[in-house]
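S.K.: Okay, handing you the structure first.
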Amino acid sequence: MATVEFRVAERPHISVDSRVCEGCSTKACVTACPADLFALTADGGILFNYEQCFECGTCYMVCNEEGAISWSYPDGGMGVVFHHG
Numbered sequence: 064m065a066t067v068e069f070r071v072a073e074r075p076h077i078s079v080d081s082r083v084c085e086g087c088s089t090k091a092c093v094t095a096c097p098a099d100l101f102a103l104t105a106d107g108g109i110l111f112n113y114e115q116c117f118e119c120g121t122c123y124m125v126c127n128e129e130g131a132i133s134w135s136y137p138d139g140g141m142g143v144v145f146h147h148g
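Quick note on numbering: the sequence shown equals residues 64 to 148 in our numbering.
The following block contains the structure:
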């Protein structure tokens, strides 16, 4: 991970609708995210921080609540940049 740079865009490439998440019984995104970017709230919702996202799409794939997660590619030049050295 020392050779990875995260270029954070102003527009998130992933958005989470916590209101939709309240109805989810599995909260699979919390355990599936390899970057550990999802956290449960006391009221059953989800907090999400996109800034260190690997852009793998795992959260989107495991989500079972339609409309909870919107995922798109980051803007050009933003997101994860791998350095070879």
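Just so you know, even glycine gets a beta-carbon here, dropped at the ideal spot from N, CA and C.
#1: Distance, Cα to Cα, Val67 vs Val143?
#2: Among residues of its own chain, excluding the 5 on either side of Pro189, which ones have a beta-carbon nearer than 6 Å to its beta-carbon?
#3: Where does Val71 sit, in a helix, a strand or coil, going by DSSP?
#4: If contacts are defined as beta-carbon pairs under 8 Å, then Ile109 and Ser78 qualify, I think. What distance do you get, rounded to the angstrom?
#5: With a Cβ-Cβ cutoff of 8 Å, do Val125 and Ala98 count as a contact?
M.R.: So, to answer that:
#1: Looking up residue 67 in the sequence shown gives position 4. Looking up residue 143 in the sequence shown gives position 80. Distance between the alpha carbons of Val67 and Val143: 7 Å.
#2: This structure cannot speak to residue 189, because the chain is shown only from 64 to 148.
#3: Walking along the sequence shown from the start, residue 71 turns up at place 8. DSSP places Val71 outside both helix and strand once states are collapsed to three, so it counts as coil.
#4: Here residue 109 refers to the residue found at position 46 when the sequence shown is read from its first residue. Here residue 78 refers to the residue found at position 15 when the sequence shown is read from its first residue. Approximately 11 Å separates the beta-carbon atoms of Ile109 and Ser78; this is outside 8 Å, ruling out the contact.
#5: Numbered from 1 along the sequence shown, position 62 holds the residue referred to as residue 125. Numbered from 1 along the sequence shown, position 35 holds the residue referred to as residue 98. Cβ distance not < 8 Å, so Val125 and Ala98 don't count as in contact.
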